[in-house]
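Peer 1: Numbered continuously in this note's numbering, the sequence shown closes out at residue 371. We treat Cβ as the ideally placed atom computed from N, Cα and C, and that holds for glycine. Before anything else, here's the structure in question.
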Amino acid sequence: MHDPRIDKLANVLVRHSTRLAPGEKILIDAFDIPHEMTVALIRAVRDAGAHPFVQLHHARISRELALGADPDALQTGASLQLAQMKKMQAYIALRGSQNITELSDVPPEKMKLVARTMRPVIDWRVKKTRWCVLRWPSPSMAQQAGMSTEQFENLYFDVCTLDYARMIPGMKALKALMERTDKVEIRGPGTDLRFSIKNIPAIPCGGSHNLPDGEVFTAPVRNSVQGHIAFNAGTIYQGTAFDQVRLEFKDGKIVAATSNHTAKLNSILDSDPGARFIGEFSLAFNPYILHPMRDILFDEKISGSFHFTPGQAYEQADNGNRSQVHWDMVNIQRPDYGGGTIHFDGKLVRENGLFIPKALQSLNPDNLR
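Right, here's the structure in full:
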């Protein structure tokens, strides 16, 4: 029996995320997803008067190609893909591999070669097309979330087919507030943090590039961060599960870091000088994502949370920090996670996960579901 949620998701991707117009061309990259979803996307694109182009990918085949990657052959393939991408106005990728570690035994030098050769294709897609990338639900994702397969599928469609247009007024108001703010103060259990976001752009994210979505991000002035923070959401980085991460800051730099894997945590933070400075600060508000599942695409959007990111800053909200690390660490401030407050220039902006100013209250869960 056909699942109508598939059609709804296809329409969100075509009408909202990529905003397809009649006559435009879109490339659909389908990685191990059901054919029903690919067909639904093709139909949604045609209903918008646009032209679909489709590439089907399979993780085991991609692994085999990567194992024998040859520079000349890769360059030929990259040239063909770049020529194709230059004819597209939009791009959608759905990734549904049942085994997220399928490429784990490909030698690192081969993976680096593939990534380096394909970089011009990715750069063109990111900078020159309207694009959206998302995962497809699988039993392994459900297991990671501590849910049954059916329960996780229901969550997935709830968060991905949310009416993201309803976020726009609140996100615009939050962007404006953040861009006229200097001092930020965050307090909660184990957390007393102070920093400036003065003169750094704030970027709303409401389903245009990733699903699920629901955040507005900026970055702290690089040397302004003072105090300490205890993160209450577990995270995975470089294959290791980290819990109880605690960071101390002085003049922007992480001067002490502990967790259940303190040595590994500090090894990552010592990757380069920028890894001990913060590259992103973001407030999140997806009403259907309530608990961490160690999948950052979901966890960084948890309702009532913020994330604070050691490492590389995004060029859209640049504080000048450069690093090979970009590690989103999440703190949830709803009462069931201990609560907390956020003040902008001395004024209370969010308390226990709920926005206080009237212009931002449309981002609270009861107004988004």
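#1: Among the residues of its own chain, which have a CB less than 7 Å from the CB of K303, if the five just before and after it don't count?
#2: The alpha helix (DSSP H) with I170 in it runs from where to where?
#3: For the ligand SAM, is there any heavy atom lying closer than 7 Å to the beta carbon of D320?
#4: Express the C-alpha separation of R137 and E38 in angstroms, rounding to a whole number.
#5: Taking buried to mean at least 16 other C-beta atoms within 10 Å of its own C-beta, is M169 buried or exposed?
#6: At which residues does the alpha helix (DSSP H) containing H42 begin and terminate?
#7: My guess is that K185 and D347 are in contact by the Cβ rule of under 8 Å, so how many angstroms apart are they, rounded?
#8: Using the rule of at least 16 other Cβ atoms within 10 Å of the residue's Cβ for burial, across every protein chain shown, is E155 buried or exposed?
#9: Leaving out five residues before and five after D34 in sequence, what residues of the same chain have Cβ atoms less than 8 Å from its Cβ?
#10: Count the other CB atoms within 10 Å of the CB of T220; is the residue buried (16 or more) or exposed (fewer)?
#11: N262 and Q240 - do their beta-carbons sit closer together than 8 Å?
#12: How far does the alpha helix (DSSP H) with R118 in it reach, from first residue to last?
#13: Please report how far the alpha carbon of V41 lies from the alpha carbon of A52, in whole angstroms.
#14: With DSSP run on the structure shown, which of helix, strand or coil describes G79?
#15: Could you check how far apart the C-beta atoms of F159 and R7 are, in whole angstroms? I think they sit under 8 Å.
#16: Assign D184 to one of three DSSP states: helix, strand, or coil.
#17: Threshold first: 3 residues or longer. Then list the beta strand (DSSP E) segments lying entirely within the region 291-352, N to C.
#18: Per DSSP, which one or two residues make a beta bridge with N207?
#19: Based on DSSP bridge pairs, tell me the residues matched to L96.
#20: I'd like to know if the region 114-121 and the region 74-89 are in contact, where contact means that at least 3 CB-CB pairs between them fall below 8 Å.
#21: Do V327 and A277 have their beta-carbon atoms positioned less than 8 Å apart in this structure?
#22: Would you mind reading off the limits of the beta strand (DSSP E) that contains Q363?
#23: Could you have a look at T264 and say whether DSSP puts it in helix, strand or coil?
#24: Where are the alpha helix (DSSP H) runs, 4 residues long or more, that stay fully inside the region 231-289, in chain order?
#25: Consult DSSP for R21 and reduce its assignment to one of helix, strand or coil.
Peer 2: On the basis of the coordinates in this document:
#1: P214, D215, G216, E217, A286, N288, I291
#2: 170-181
#3: This structure simply doesn't include the ligand SAM, nor any ligand for that matter.
#4: 15 Å
#5: buried
#6: For clarity, residue 42 is Ala in the given sequence; the question names His instead. 37-49 is the extent of the alpha helix (DSSP H) around A42.
#7: 5 Å
#8: buried
#9: H59, H60, A61, R97, G98, S99, Q100, W138
#10: buried
#11: no
#12: 110-130
#13: 14 Å
#14: helix
#15: 4 Å
#16: coil
#17: 307-312, 331-334, 343-346
#18: It is worth fixing the name first, because residue 207 is Cys in this sequence and not Asn. Per DSSP, E217.
#19: A32, L136
#20: yes
#21: yes
#22: Unbroken run through Q363: none, as it is neither H nor E.
#23: helix
#24: 264-271
#25: coil
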